Structure formats: structure tokens, C-alpha cells
């Protein structure tokens with residue numbers, strides 16, 4: 010590290026440490042006091058399992074911070090403190106987005122979230138892959154021989170797609186696996202789906218500074234026999250480039266999560282390309298993002314346009330582009346632009362990565378939740394019924410409502426009156442309203458004897474209301490599933506699915522097939538409100554591992570539509586480790602008062 014005479018240079022410090030922290034409150038107080046006193050800015054994340062820190066400030070202050078940590082606690086013995094000189098943040102927008110305009114110190118459950126199923130138990134970090142120094146990692150690549158059967162070497166990049174687009178390792182005769190994930194929490198699912206590519210191999214993992222490889226390598230090794238030989242680059246790409254300043258086997262730039270944006274070697278080769286014109290470009294300082302998933306995208310200066318939106322390559326693969334449709338409040342479909350048409354998403358379709366700015370831009374990330382209404386309801390009425398819930402969750406969630414595909418006939422109940430012969434006969438207490446004043450009603454599931462036709466006139470019910478009618482409504486799932494696949498394709502990704510009553514039964518059926526539906530319907534969780542299970546083959550696949558929140562009335566909860574036991578039995582089909590149950594006393598509704606709303610927010614907060 011070079012010194013500039015008479016000037017206290019600016020620097021950035023990165024470090025992490027997995028270790029048991031006996032007194033989190035004490036460590037929290039230390040960081041608040043020490044970082045404030047030294048005028049350090051950045052992010053500090055603390056958990057009972059360790060720390061993860063990225064801060065910036067004067068070099069002398071960063072060095073003082075390191076010495077104070079070492080003097081305070083032996084926990085930090087052996088910590089790899091990565092200290093680098095750099096210019097002070099000049100771009101306020103970049104600095105703010107990277108968290109370098111303030112000091113953020115928080116206690117968290119996990120230092121890094123490996124799984125999109127945050128309720129599932131994380132792997133034991135003590136089982137992480139063996140550390141390789143930069144020199145050992147380099148030698149392994151240099152001496153690799155892919156022809157040697159049974160001792161195959163594979164490189165596994167544990168970073169996000171936008172990071173790998175500007176820099177990655179490349180070694181002759183070594184297979185390199187790029188999972189192309191949007192976020193680190195998607196990596197475990199990729200590992201599950203591609204475990205055969207790792208089994209029996211020597212797996213060399215790398216990431217920016219090392220912390221993501223710790224958890225991911227432990228996850229791979231937890232799979233047992235055939236997954237024992239997992240290694241990780243100690244100190245990450247940063248330490249490797251310090252050891253091999255010409256880049257070695259690393260090509261391009263190393264993306265970093267601070268105001269520097271990226272760090273390169275003496276090799277000036279540009280690996281990235283512009284999303285629009287495909288010319289060489291690797292500068293993320295403009296912070297252009299995909300309008301659908303908010304992932305960073307590369308757009309060169311000539312192609313940047315303030316009046317444009319961009320669609321990343323992952324969203325393009327899912328058929329999302331300028332011609333994509335959007336849902337309006339009533340659940341109907343409309344094009345976002347005048348004259349735009351829905352484009353075929355087949356492999357030979359031309360999808361535009363750039364579109365004019367519209368009204369559907371989401372400036373801040375919220376959970377997008379698809380809402381499925383109950384039997385004989387519609388998107389508009391369900392929106393009204395959940396308005397209080399939407400208002401309570403407006404800072405963290407966005408609700409999207411859609412009609413079910415099965416349209417139902419208009420029916421009415423009669424009252425029984427006795428005539429002079431003392432025989433009971435049906436009669437109307439009052440005539441039904443004109444059809445033009447009635448909104449259509451829909452269902453996700455219908456009775457087996459339903460012919461699918463809808464009458465244009467009112468129809469008298471065949472009998473009194475049967476509170477157990479939902480048990481007979483078992484047909485029409487395939488049609489509803491196809492309908493929802495189309496919604497996902499046209500409207501973009503959803504974080505979760507919320508279902509109420511029959512909509513909850515539909516959401517449960519979908520969650521039971523979560524693995525099979527990957528690529529067509531990607532979601533992280535379901536919220537099952539007044540739900541019930543159906544005796545159909547889709548629910549017979551064993552324990553459901555989809556993270557779930559079950560909300561239903563308790564034994565005295567006054568829900569006269571769905572029995573408490575039916576909702577309990579459905580909840581019991583889910584893995585205990587990834588399900589949360591809220592029982593309330595409010596009837597056939599979704600409660601929005603405390604403590605229920607706080608528990609709902611707690612569940613959703615795990616996915617933010």
C-alpha cells in the first residue's frame with residue numbers, strides 16, 4: 010500500500026468472520042461508538058453467527074478500527090481484513106445506493122441469505138469447503154488435466170449474473186459453471202437442480218471476498234457422498250488480484266459492492282457488452298436496471314436514454330419485453346403502450362431489451378404478490394375485501410388481482426312459504442337485481458357435474474347453501490393452472506401467491522408443484538388464508554417444502570365457511586421448518602389488527 014506524503018488517503022475496508030457472538034448487544038454498542046467516533050460510513054451486519062462489514066473512511070481511521078477490534082475480542086483473531094486505498098465517493102447516486110453516505114448497523118438472522126426459503130435451516134458453516142490461498146487456487150487451475158477421469162475439476166462462480174458479466178475466471182481444460190442467478194438466495198436452488206454436474210468432482214468455488222462461498226460450499230457438502238471435495242478461494246477475487254496483479258486466470262473486472270463499483274487488474278481487456286448494441290462495455294456507474302426484476306444491466310453511454318426502460322437477459326428469456334401485458338386493478342389485461350401487441354414468446358421471437366418509459370415503473374423494490382379470490386368472487390371484489398390489508402402492507406408489498414377462468418352462473422336462494430294446503434313451496438322474498446347491474450363471478454375449481462356454461466338469466470339454486478360444497482369442487486385445476494401460467498408470463502415475476510378460501514386451495518395446489526413449475530411460475534412463498542386441501546393427486550407428493558403462511562380461524566373463530574380442522578389439516582402438509590401458522594378469532598376474513606398484522610409483516614419481512 011503506497012502512502013501519499015502529508016495526506017490521509019481514503020480507503021475501503023471489507024471483512025467478515027463466522028464465529029459465535031455471545032453478546033450481540035455489546036458488539037452492537039461497540040460498532041456504533043467506534044464507527045461514529047472514526048467517521049466511518051457503510052454497512053455493518055451482525056448476527057449470533059458472526060459479522061459482515063463494508064465501510065469506508067480515512068485510512069488511518071480504518072486502521073484504528075482494525076486495531077480496536079483485535080484488542081476488544083479474540084473472536085476477530087485470524088480475520089482477513091481487506092483494506093484498499095481508493096478515491097473518495099464522487100458520484101452521490103452511486104454512493105447512496107451502495108450505502109456509503111451513512112452508517113448502517115443492523116442485527117440480522119443471516120449474514121448472507123443462501124436460500125430463497127429463508128425459514129429453512131442454513132447449513133453448518135463448520136462444514137464449509139477447505140480454503141485455498143490465491144497461490145494454491147492458481148496452481149490448481151494451472152495444473153488441471155480434464156482428461157484425468159475421476160478427478161475432474163470444475164470452477165463454480167458463486168456470484169450474481171450481473172457480476173459475472175464483467176469478469177470471471179477462465180482456465181484452459183477446466184469447466185466453468187456460471188449459475189446466472191439474479192441474487193445469491195437463488196443459488197441453492199441452482200445447486201439442487203444441477204447437483205449431478207458437481208457430484209464426484211473437485212469443485213473450486215469463488216466469489217468477491219469469500220463470504221458467499223462459505224455458506225454455499227457448506228450447502229454443497231451437506232449433500233453427502235460424492236460432494237466431499239469442495240474448495241473455496243480464501244479472500245475471494247480481491248485477494249487473488251492482489252497476488253496476481255496481471256489478472257492471472259481472472260479476466261475482466263471484479264464487481265464490488267461499494268462506490269468503486271468494480272476493480273480491475275493491469276489487463277485492460279473488457280469482458281462485458283452493452284445490453285442494447287452489444288458493443289464492449291463494463292461500466293455500471295449509470296446504475297441502469299431491469300424494469301421487471303431491478304437487476305443491474307450494462308447500457309453504454311450512447312444507448313442510455315432517460316426516457317427508456319430496460320429488460321435484462323433473464324427476463325427476456327422469460328418472454329418479458331416491450332410487448333408484455335400488465336394487469337389492471339380489476340384483473341383484466343391491457344397493453345402498457347398504445348398500439349402495443351402481445352408478442353409470441355417462442356424461441357424465434359425478437360424481444361426488445363429497451364422500451365419507452367411507462368406508468369408501471371417500480372422505483373423501489375416491494376414484494377409482488379398475486380392474489381387469488383375465493384369461490385363466486387372476482388378480482389375487483391377481492392381487492393375491496395383486502396383493501397385494509399393492502400393499506401397496512403403498502404410499504405413492503407404490492408398486490409395484483411386476477412379473475413379465475415371459470416365463469417359462474419348467477420343464482421339466488423329462495424325462501425320457503427306455506428300455502429293453504431300446508432305444503433312448502435319456494436318463493437322469492439324479493440326479485441334479484443337486473444343482470445346489467447351485476448359483476449361476473451368466477452371460480453378456480455368447479456364441481457364435476459359442471460358443464461362450463463353460464464346462463465344469461467338468474468337461476469334458482471338447486472337447494473339450500475351447503476357449507477361443505479367446497480369439498481366437491483375438484484375439477485378445472487388444469488384450466489386454472491394454464492391461466493395462471495399465462496399471467497406469470499405476461500405480467501412478470503411474483504414473489505408470492507396469496508389465496509383466500511378456494512383461492513387458498515388453488516395456491517396450495519400450486520405450491521405442491523413448485524419444483525415442477527420452475528421456469529413457468531417462479532415464486533418464493535404462499536399465503537394460505539382460510540384454506541383447505543383437496544383429495545387430488547397433486548396434493549399427494551409428500552411434504553410440501555414451499556415457505557408458507559397459514560391464516561385461519563381458530564376453533565372459536567366464527568369461520569362458518571371453512572372449518573378450523575380443514576385449515577389445520579392443510580397446514581400439516583407443509584414442512585414444519587418453513588411454515589408459519591396464525592390462528593385468529595375474526596371469522597371468514599384476513600385479520601388486519603394486532604397482533605395478527607405484525608405476524609404477517611414478520612413473515613413477509615424474511616423475503617425482503
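Numbering (this note's numbering), first residue to last: 10 to 617. Note that CB positions come from ideal geometry on N, CA and C, so glycine has one too. Computed from a prediction, not measured in an experiment: that's the story for all the values here.
Beta-carbon separation (whole angstroms), residue i vs residue j, contact threshold 8 angstroms
i	j	result
residue 91	residue 218	6 angstroms
residue 17	residue 69	5 angstroms
residue 302	residue 502	6 angstroms
residue 120	residue 220	7 angstroms
residue 526	residue 548	About 15 angstroms; that fails the 8 angstroms criterion.
residue 260	residue 176	6 angstroms
residue 297	residue 324	No, residue 297 and residue 324 are not in contact; Cβ-Cβ is about 14 angstroms, not under 8 angstroms.
residue 304	residue 321	5 angstroms
residue 414	residue 488	5 angstroms
Beta-carbon gap between residue i and residue j smaller than 7 angstroms
i	j	result
residue 383	residue 574	no
residue 291	residue 107	no
residue 450	residue 394	no
residue 274	residue 256	yes
residue 595	residue 560	no
residue 93	residue 21	yes
residue 138	residue 38	no
residue 516	residue 613	no
residue 150	residue 165	no
residue 52	residue 113	yes
residue 242	residue 402	no
residue 98	residue 85	no
residue 184	residue 163	yes
residue 417	residue 452	yes
residue 572	residue 543	no
residue 496	residue 411	yes
Residue i (DSSP reduced to helix, strand or coil)
i	result
residue 416	strand
residue 410	strand
residue 25	strand
residue 496	helix
residue 323	helix
residue 169	strand
residue 354	Unreliable placement is indicated for residue 354, whose pLDDT of 30 sits below 50; no coordinate value is reported for it.
residue 314	coil
residue 177	strand
residue 382	coil
residue 562	strand
residue 293	coil
residue 603	coil
residue 192	coil
residue 50	strand
residue 93	strand
residue 84	helix
residue 587	helix
residue 249	helix
residue 215	strand
residue 301	coil
Nonlocal neighbours in the same chain, by C-beta distance under 6 angstroms from residue i, ignoring five residues either side
i	result
residue 172	264
residue 600	593
residue 377	407, 503, 504
residue 216	167, 168, 222, 245
residue 179	260
residue 88	24, 26
residue 235	208, 209
Cβ shell of residue i (< 8 angstroms), same chain only, five flanking positions each side left out
i	result
residue 237	230
residue 253	143, 147, 259, 274
residue 293	171, 175, 264, 270, 271, 305, 307
Environment of residue i [buried if 16+ CB atoms lie within 10 Å]
i	result
residue 308	buried
residue 111	exposed
residue 552	exposed
residue 55	buried
residue 536	buried
residue 310	exposed
residue 115	exposed
residue 63	buried
residue 46	exposed
residue 387	buried
residue 81	exposed
7 angstroms CB neighbourhood of residue i in its chain, flanking five on each side removed
i	result
residue 196	123, 167, 188, 190, 225
residue 295	308, 313
residue 27	58, 59, 134, 223
residue 73	47
residue 249	143, 146, 242, 257, 259
Neighbour flag for residue i against chain C, beta carbons, 7 angstroms
i	result
residue 178	The structure shown contains no chain C; it holds only a single protein chain.
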